[in-house]
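Heads up: the structure comes next, in structure tokens.
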Amino acid sequence: MDFWTLANAVTSGLLIGLVYGLSALGLSVIFGVIRIVNFAHGEIMVMGMFFALLMFRWLGLDPLLSVPLAAALLFAFGYVLQLFVVSRVSHLPEHMQFLLLAAIAIMIVSALLMIFGPDAQGVQVGYAWDSFAVGELLIDYPKMFAAIASVIVAALLLAFFKYTMTGKAIRACADNRTGAQVVGLNVGRLYALTFGVGAACLGAAGAIILLLFEVHPYLAPGYTLLAFVIVIIGGLGSLFGALVAGILIGVSEALAALLFQPSMKSAFSFALLIFVLLLRPQGLLGKAIR
Amino acid sequence: MIRPGDLVRPLSPAGVWLGALVLLVLLLLPYWGGSYVMTVATTVFYLALVGQSWNLMLGFAGLLSIGHALFVGIGAYTSAYLFTAIGLPPVIGVLPAIALAVLMGLLMGYLGFRFAIGGVYFALLTIAFAELVRIVIDHVSWLGATEGFFLQVSEADRHGIDLVNLRGAPEMYYYLIMALALGALVLCRYLLRSRLGYYWQAIRDDESAAEALGVDVLRYKMYAVAISSGMAGVAGVFYAFYQNSLFPEIVFNIERSIEATLGSIVGGVGTLFGPIFGTFILTPLGEIVTEAIDLLKHWHVIDPETKLDGLKLLVWSFIVVLIVLFKPNGLWPWVCEKLRLIRPGEER
Numbered sequence: 134m135d136f137w138t139l140a141n142a143v144t145s146g147l148l149i150g151l152v153y154g155l156s157a158l159g160l161s162v163i164f165g166v167i168r169i170v171n172f173a174h175g176e177i178m179v180m181g182m183f184f185a186l187l188m189f190r191w192l193g194l195d196p197l198l199s200v201p202l203a204a205a206l207l208f209a210f211g212y213v214l215q216l217f218v219v220s221r222v223s224h225l226p227e228h229m230q231f232l233l234l235a236a237i238a239i240m241i242v243s244a245l246l247m248i249f250g251p252d253a254q255g256v257q258v259g260y261a262w263d264s265f266a267v268g269e270l271l272i273d274y275p276k277m278f279a280a281i282a283s284v285i286v287a288a289l290l291l292a293f294f295k296y297t298m299t300g301k302a303i304r305a306c307a308d309n310r311t312g313a314q315v316v317g318l319n320v321g322r323l324y325a326l327t328f329g330v331g332a333a334c335l336g337a338a339g340a341i342i343l344l345l346f347e348v349h350p351y352l353a354p355g356y357t358l359l360a361f362v363i364v365i366i367g368g369l370g371s372l373f374g375a376l377v378a379g380i381l382i383g384v385s386e387a388l389a390a391l392l393f394q395p396s397m398k399s400a401f402s403f404a405l406l407i408f409v410l411l412l413r414p415q416g417l418l419g420k421a422i423r
Numbered sequence: 019m020i021r022p023g024d025l026v027r028p029l030s031p032a033g034v035w036l037g038a039l040v041l042l043v044l045l046l047l048p049y050w051g052g053s054y055v056m057t058v059a060t061t062v063f064y065l066a067l068v069g070q071s072w073n074l075m076l077g078f079a080g081l082l083s084i085g086h087a088l089f090v091g092i093g094a095y096t097s098a099y100l101f102t103a104i105g106l107p108p109v110i111g112v113l114p115a116i117a118l119a120v121l122m123g124l125l126m127g128y129l130g131f132r133f134a135i136g137g138v139y140f141a142l143l144t145i146a147f148a149e150l151v152r153i154v155i156d157h158v159s160w161l162g163a164t165e166g167f168f169l170q171v172s173e174a175d176r177h178g179i180d181l182v183n184l185r186g187a188p189e190m191y192y193y194l195i196m197a198l199a200l201g202a203l204v205l206c207r208y209l210l211r212s213r214l215g216y217y218w219q220a221i222r223d224d225e226s227a228a229e230a231l232g233v234d235v236l237r238y239k240m241y242a243v244a245i246s247s248g249m250a251g252v253a254g255v256f257y258a259f260y261q262n263s264l265f266p267e268i269v270f271n272i273e274r275s276i277e278a279t280l281g282s283i284v285g286g287v288g289t290l291f292g293p294i295f296g297t298f299i300l301t302p303l304g305e306i307v308t309e310a311i312d313l314l315k316h317w318h319v320i321d322p323e324t325k326l327d328g329l330k331l332l333v334w335s336f337i338v339v340l341i342v343l344f345k346p347n348g349l350w351p352w353v354c355e356k357l358r359l360i361r362p363g364e365e366r
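Laid out in structure tokens, this is it:
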């Protein structure tokens with residue numbers, strides 16, 4: 134195996150890994166603040182994919198242009214879901230929260246199945262097969278645009294948490310819920326906002342990833358698992374960790390597909406996850422929370 | 019020791035009568051139920067068995083598993099492979115099946131508990147293991163890989179009773195899984211009132227306090243995982259010889275693991291009868307929804323031509339959401355209270 138084959142695989146994995154990272158950010162934001170593991174993660178992301186598909190079919194809109202629309206739509210979805218449903222189980226034990234979100238996940242998949250049917254559907258953009266070369270490195274335009282879009286959305290998200298008052302208020306809730314309530318923050322509304330922001334991330338990631346893969350309802354559980362793996366490797370609640378781990382998983386998948394078989398690639402991700410859980414259960418960039 | 023009276027004692031007189039009535043109906047079910055009813059009833063008891071195994075880990079010892087399909091699958095593949103490869107009858111094959119499932123459970127438990135991985139992290143570790151094993155079996159050609167692993171069934175096998183080779187009429191499978199599920203109930207009742215059971219409950223309620231009082235937390239958690247995975251392994255053997263076909267995509271699917279949790283959570287986590295009660299509500303409920311949809315199509319309330327593949331699951335999961343929101347402790351404790359089925363202070 135020569136150097137350029139390897140370099141091509143690594144680059145492709147890195148670009149896809151950035152999209153994975155953005156999707157995992159959505160999970161991380163929600164867990165980091167609300168302390169709820171969003172088992173409907175992949176399902177919400179697939180909703181974003183289908184939305185971008187509809188926009189492409191009806192308006193001929195490039196999936197990258199539907200990113201803000203998908204994000205806005207799913208922000209509203211997440212906001213309402215947290216405010217009226219998820220907030221009602223926050224005092225219940227973990228397994229009840231898991232069941233609620235798993236049931237919501239099944240509802241979303243069933244609804245998508247009724248509307249769109251089980252077949253894989255995709256979009257065909259003009260630049261789908263275009264690429265440019267750096268040395269012998271071939272970079273596909275769709276992958277590169279997807280990666281750039283993901284980085285922009287992720288940067289916006291990080292800036293939101295770092296610089297805006299609302300972002301700071303949300304971080305205050307994450308650090309100390311009672312303290313945030315004492316200083317007069319409306320924790321319920323901020324939680325809804327957080328779930329909305331997390332879901333918006335998924336909407337954006339879904340619209341972006343439609344550029345690369347076809348969509349069908351049963352895709353969802355796979356994306357949920359993938360995001361779990363990434364977020365645990367990066368550290369639950371660590372935003373930057375999710376991005377780094379996303380790249381790591383993207384590259385490891387690409388290498389596994391190249392060196393072994395494409396169907397073995399998620400086995401490597403899960404093996405990586407088990408190693409990380411054993412050696413550093415708080416994740417690569419997570420703070421020890423035991 | 020386990021005495022038959024142990025299961026009856028917690029029941030109030032009303033509970034005894036109702037229990038006896040339900041048991042009688044279930045025992046006589048094959049005499050008036052058609053093959054459809056038998057299939058549903060067999061599935062109910064099968065899920066009740068897996069659910070009790072899952073409930074033992076979470077409800078008794080506080081360990082959340084979302085990868086229970088793993089233990090079921092290992093039991094199923096082990097017994098099916100040994101039967102096909104060397105002709106080992108499942109009545110003996112169940113022993114290596116249990117052994118392998120327990121071994122897997124112990125490995126997972128040891129890795130998890132040794133490094134003090136708790137709560138959500140442990141749950142995700144169980145998913146990771148289940149997925150890993152699924153993908154590995156996907157690539158093992160002598161286990162059929164993605165093509166599936168099949169057990170030979172001849173037409174003659176579908177009649178009579180052959181408990182050694184687990185071949186026979188649907189009624190045999192029904193009574194067998196009923197006996198296994200009730201056996202698991204007796205075992206759980208015994209465990210819950212044993213020294214081990216009290217250690218588990220102490221760990222579940224407050225791990226640090228239990229440890230401070232000298233409970234060997236790691237060891238008793240391992241016991242919980244071992245017994246639970248062993249029970250799931252037995253269920254796996256039944257699954258293999260009832261279905262006669264094993265696909266990694268289906269057997270190890272995360273939906274199987276979620277399915278295992280649903281009945282117990284709806285019935286009431288940590289209760290004795292909850293897992294069985296929950297599956298008796300949920301599985302028939304799913305069937306009723308299907309029937310109702312068919313009926314509505316028949317009456318042309320819904321256009322018979324519309325495809326409603328997802329509608330059943332949609333309605334069903336909506337009902338699950340309602341139960342989580344409005345009866346978070348499960349339905350069984352609530353029903354017990356309303357109907358006064360259990361004597362005060364006894365195990366539910």
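In order, the protein sequences belong to chains G and B. Going by my numbering, the residue at position 48 of the first sequence is 181; the numbering climbs one at a time, nothing skipped. Going by my numbering, the residue at position 217 of the second sequence is 235; the numbering climbs one at a time, nothing skipped. Just so you know, even glycine gets a beta-carbon here, dropped at the ideal spot from N, CA and C.
Rounded to a whole number of angstroms, what is the C-alpha to C-alpha distance between residue i and residue j?
| i | j | result |
| --- | --- | --- |
| arginine 423 (chain G) | threonine 60 (chain B) | With a pLDDT of 37 at arginine 423 (chain G), under the threshold of 50, the modelled position of that residue is not reliable, and the figure given next carries that caveat. Computed Cα separation, rounded: 43 angstroms. |
| valine 218 (chain G) | glycine 321 (chain G) | 12 angstroms |
| glycine 370 (chain G) | lysine 301 (chain G) | 15 angstroms |
| lysine 134 (chain G) | serine 156 (chain G) | The question names lysine, but residue 134 (chain G) is methionine in the sequence shown. Roughly 32 angstroms separates the two Cα atoms. |
| isoleucine 155 (chain B) | threonine 164 (chain B) | 8 angstroms |
| alanine 4 (chain B) | asparagine 271 (chain B) | Outside the modelled stretch of chain B, which goes from 19 to 366, sits residue 4 (chain B), for which no answer is possible. |
| tryptophan 352 (chain B) | phenylalanine 408 (chain G) | 43 angstroms |
| alanine 228 (chain B) | glycine 286 (chain B) | 24 angstroms |
| glycine 85 (chain B) | alanine 32 (chain B) | 38 angstroms |
| alanine 94 (chain B) | leucine 202 (chain G) | 47 angstroms |
| valine 330 (chain G) | leucine 270 (chain G) | 36 angstroms |
| leucine 412 (chain G) | glycine 127 (chain B) | 15 angstroms |
| leucine 352 (chain G) | valine 179 (chain G) | 7 angstroms |
| leucine 318 (chain G) | alanine 305 (chain G) | 9 angstroms |
| threonine 327 (chain G) | isoleucine 169 (chain G) | 11 angstroms |
| valine 243 (chain B) | leucine 200 (chain B) | 20 angstroms |
| alanine 325 (chain G) | leucine 214 (chain G) | 8 angstroms |
| glycine 181 (chain G) | phenylalanine 231 (chain G) | 22 angstroms |
| aspartate 252 (chain G) | leucine 245 (chain G) | 11 angstroms |
| leucine 210 (chain B) | phenylalanine 78 (chain B) | 7 angstroms |
| glycine 336 (chain G) | valine 286 (chain G) | 11 angstroms |
| glycine 150 (chain G) | valine 384 (chain G) | 7 angstroms |
| alanine 66 (chain B) | isoleucine 294 (chain B) | 5 angstroms |
State the start and end residues of the unbroken alpha helix (DSSP H) segment that holds residue i.
| i | result |
| --- | --- |
| valine 219 (chain G) | Careful: valine 219 (chain G) lies outside any alpha helix (DSSP H) and carries neither H nor E. |
| aspartate 223 (chain B) | 213 to 223 |
| valine 242 (chain G) | 227 to 249 |
Residue i touches chain G at which residues, Cβ-Cβ below 9 angstroms?
| i | result |
| --- | --- |
| threonine 279 (chain B) | His228, Phe231, Leu232, Ala235 |
| aspartate 156 (chain B) | Ser396, Met397, Ala400 |
Cβ closer than 8 angstroms: which chain B residues qualify as neighbours of residue i?
| i | result |
| --- | --- |
| isoleucine 407 (chain G) | Leu129, Leu143, Ala146, Phe147, Leu150 |
| leucine 358 (chain G) | Ile145, Glu149, Ile272 |
| alanine 244 (chain G) | Gly328, Leu332 |
How should residue i be labelled, buried or exposed, when 16 other C-beta atoms within 10 angstroms of its C-beta is the threshold for buried?
| i | result |
| --- | --- |
| aspartate 273 (chain G) | buried |
| glutamate 277 (chain B) | buried |
| phenylalanine 208 (chain G) | buried |
| serine 399 (chain G) | buried |
| isoleucine 306 (chain B) | exposed |
Just to make sure I have the definition right: I need the residues of chain B whose C-beta is within less than 7 angstroms of the C-beta of residue i. Which are they?
| i | result |
| --- | --- |
| serine 220 (chain G) | The contacting residues do not exist; serine 220 (chain G) stays about 11 angstroms from chain B at best. |
| leucine 411 (chain G) | Leu129, Phe133 |
Under a CB-based cut-off of 8 angstroms, is residue i close to chain G?
| i | result |
| --- | --- |
| isoleucine 283 (chain B) | yes |
| isoleucine 153 (chain B) | yes |
| isoleucine 268 (chain B) | no |
| leucine 46 (chain B) | no |
| isoleucine 276 (chain B) | yes |
| leucine 332 (chain B) | yes |
With 8 angstroms set as the bound, which would you pick, yes or no: does the beta-carbon of residue i sit closer than that to a beta-carbon of chain B?
| i | result |
| --- | --- |
| isoleucine 382 (chain G) | no |
| methionine 178 (chain G) | no |
| alanine 404 (chain G) | yes |
| methionine 182 (chain G) | no |
Going along chain G in order, which residues have a C-beta closer than 7 angstroms to the C-beta of residue i?
| i | result |
| --- | --- |
| valine 138 (chain B) | Val170, Glu227 |
Given that residue i touches chain G, what residues does it touch there, using C-beta distances under 8 angstroms?
| i | result |
| --- | --- |
| proline 346 (chain B) | Val222, Leu225, Met229 |
Considering residue i, what are the terminal residues of the beta strand (DSSP E) in which it resides?
| i | result |
| --- | --- |
| leucine 270 (chain G) | 270 to 273 |
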